[in-house]
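Residue numbers (the working numbering): 206 to 1059.
Backbone N, C-alpha and C define an ideal beta-carbon position, used for all residues, glycine too.
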Ligand code: PHE
Ligand code: ZN
């Protein structure tokens, strides 16, 4: 075993080992005879030898299946079956395979394949779940047309494509578009629909439905509007039209991820589609809109053009995340969207990229593909698409995408194919750019400057630290968006994109009358860590004057980080310079309220821990917590006169709307409330709680009450009011943990696991408690290790039930080497306890191995 390769090589799959499938599939016919414990699946599959393959070995994936019978061209046969699949002797010519298998949806708590959720049947096949439904070449480069017959005594029976026929207790569906098996879906249940329709630009009328459990029908309207907006946007911006007569969305309560883009039948975690003003917050509404768009956009980027193999996952995910972020920027605020995306990227992706789990946007090996649905593949993958667009320009980007859709429609392709369309469109060589896909780790970009005879020069250096399995890094192509300001705050050089390709490179700006102030990496033009030796006066100056809103907030953030660093490491007092700059922004009425709220927010404790570690310190979670508290208290005191005014000025009158405008006022008012609650013993928060008529107002007030120790009654009242609403009760669980003081976090989480409504089988509920624990930096990292112990206890319990969710949540331990020796030892002990658990799932075993050894 070498460093960074903790698993025995035999279990690993390598990109370089790719071979085309021996047999292709022309068509698939499936019959489902539904029964909770004994569903029968009868498959009839037309195979043809693949002219592009030399192999004639016939292998079908299949797991957790009981084979009842099999036949080839009508002749019964006896395949050789293992727990991974089967092999059989087949003709070197087209043939028909038939098989009947039995599966058990009721006992399927892993939520992969066909399973049951609240009496409803549903499927999840990405990435490799279809092999739990029937024997099949379960790989994305095998694309076929599917016909499905469902037999079951439930009122609603759905599959992909268009309905072709139905009767009492059965329905048939046909999907005319060839697709890989991971896009297969089936739903059966007692469901109600929220119907609507959309007419495409060429005049095709598409029926749209959102299917939900009967009690949820009043929570569909917003999702439906988001869907129609997305369909229109993809026509306007990418020229992409929908291609079936029907588009169905189904909400399901038990789901491992956010949502799934199955062809014509998207399946959503109910938390990512259901919303009403009373039950969902502004942030929920925005997220739902983005996820509906994301899944819809996959119809072209993922479904019509899919991935050749799972190493290419970023081909569909990076591009689709980029597309949904463009959509949100267009329908809401571009600056606010960019700032929150970068906050998320830094908190999650930078952490991943700078620890044992670092991997390239396109990994070159894996054990369990489920473990690669990561922030690196998704969010850094989207950053890479954004950089590509910046480098080639908007027009060339659109022409390249047109060519991509034209050239590869109906195909399963690779990142090389994707970059080739850009090369062919622009004539550019993207060989070096490819490193963004193949090289892991976050580049560090350092900058120095000089000014002489009217010429201002920026000197950049780039360096990427080693990551597991990749010790030596090559220089990247880094698009650096730069603008220059003169000392009065006017822009003397509007944004230009410098293209850095070498380890060290300088760029000149001529003809300047005085030394300018640079604004570097505007709009966060590349996912790098910028190391800039700027004094805090300059940061405050940029915070006040930069014309790029991203960098304006970023200067404030950098200033806050520096102030906090000095407070943590040198015991410094809160810097008045920062408090003054913040006050100026807060009270600047010309600025978008949502933007002001972002400037008001402080760097997170996770961000500070990363920064300290990067600067060679050992982050102390208690000291970080203390410093953030001291600074926020100082902010509240400095702003004490403004806060009640700001709070009052941004109250939204009239009926609730989740639009960006009113939501922006609420987020600013509620940020003010959060500070104000430190000064008024939560009087205003209590008043807001009592008067709230929407979830945003209610939960913001409840958060203040809980955090400042006045929440006992409201917490109980909230439960009594919402006990019948699963999604609201998830919030109730999470908030109690998030709003604890660090010494109470573990005890609170522990007590909540004993609550009658705690259900570890439901991923949303499990994540509500343990996600909140893991993200409570000081609470999780309690010095005695109780946080580590509690999480490990529950991951060990969850693993046999739901390996996928266990493996995702174990990432809470990924940064263990960042902390002091005592905490490292405590975390290591918990990781080893998990690793040594008998019968640990493959998913979790891979993750724990990588975290320990990377
Ligand atoms: N493909 C889904 C998306 O990004 C995510 C997903 C992956 C869902 C695996 C379920 C299982 O939209
Ligand atoms: Zn996706």
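Residue i in three-state terms, based on DSSP
| i | result |
| --- | --- |
| residue 938 | helix |
| residue 661 | strand |
| residue 321 | strand |
| residue 327 | strand |
| residue 969 | helix |
| residue 810 | helix |
| residue 655 | strand |
| residue 372 | strand |
| residue 412 | strand |
| residue 683 | strand |
| residue 397 | strand |
| residue 208 | For residue 208, the predicted model reports a pLDDT of 37, less than 50, meaning its position is unreliable; a value from the coordinates is still stated below. Here residue 208 sits in coil by DSSP. |
| residue 884 | coil |
| residue 820 | coil |
| residue 434 | helix |
| residue 385 | coil |
| residue 573 | coil |
| residue 1054 | helix |
| residue 701 | strand |
| residue 723 | strand |
| residue 846 | coil |
| residue 875 | helix |
| residue 1019 | coil |
| residue 454 | strand |
| residue 449 | coil |
| residue 562 | coil |
| residue 363 | strand |
| residue 403 | strand |
| residue 316 | coil |
| residue 618 | strand |
Separation of residue j from residue i, as counted between CA atoms
| i | j | result |
| --- | --- | --- |
| residue 259 | residue 218 | 20 Å |
| residue 919 | residue 927 | 12 Å |
| residue 245 | residue 273 | 9 Å |
| residue 560 | residue 675 | 13 Å |
| residue 1007 | residue 966 | 7 Å |
| residue 346 | residue 252 | 14 Å |
| residue 296 | residue 302 | 11 Å |
| residue 511 | residue 603 | 19 Å |
| residue 699 | residue 751 | 11 Å |
| residue 912 | residue 330 | 41 Å |
| residue 535 | residue 527 | 12 Å |
| residue 312 | residue 327 | 13 Å |
| residue 385 | residue 806 | 44 Å |
| residue 332 | residue 696 | 49 Å |
| residue 617 | residue 469 | 19 Å |
| residue 955 | residue 1041 | 23 Å |
| residue 624 | residue 646 | 21 Å |
| residue 435 | residue 649 | 36 Å |
| residue 457 | residue 490 | 17 Å |
| residue 380 | residue 678 | 46 Å |
| residue 858 | residue 392 | 41 Å |
Bridge partners - residue i, DSSP secondary structure assignment
| i | result |
| --- | --- |
| residue 667 | 650 |
| residue 378 | 353 and 368 |
| residue 301 | 251 |
| residue 308 | 244 |
| residue 734 | 649 |
| residue 672 | 675 |
| residue 689 | 698 and 723 |
| residue 341 | 266 |
| residue 709 | 666 |
Nearest-angstrom beta carbon gap, residue j and residue i [assumed within contact, 8 Å]
| i | j | result |
| --- | --- | --- |
| residue 431 | residue 1009 | With a Cβ gap of about 27 Å, residue 431 and residue 1009 do not count as contacting. |
| residue 877 | residue 851 | 4 Å |
| residue 286 | residue 339 | Incorrect: roughly 13 Å between the Cβ atoms, too far for contact. |
Within-8 Å CB hit, residue i to chain D
| i | result |
| --- | --- |
| residue 1012 | Among the protein chains of the structure shown there is no chain D, as only one such chain exists. |
Complete runs of the alpha helix (DSSP H) confined to the stretch 210-293 [at least 4 residues]: none
Continuous beta strand (DSSP E) assignments of at least 3 residues falling wholly in the stretch 462-520: 470-474
Alpha helix (DSSP H) segments (min. 4 residues) lying fully within the stretch 523-554: 539-549
Completely contained alpha helix (DSSP H) runs for the stretch 771-811, where each covers 4 or more residues: 781-791 and 798-805
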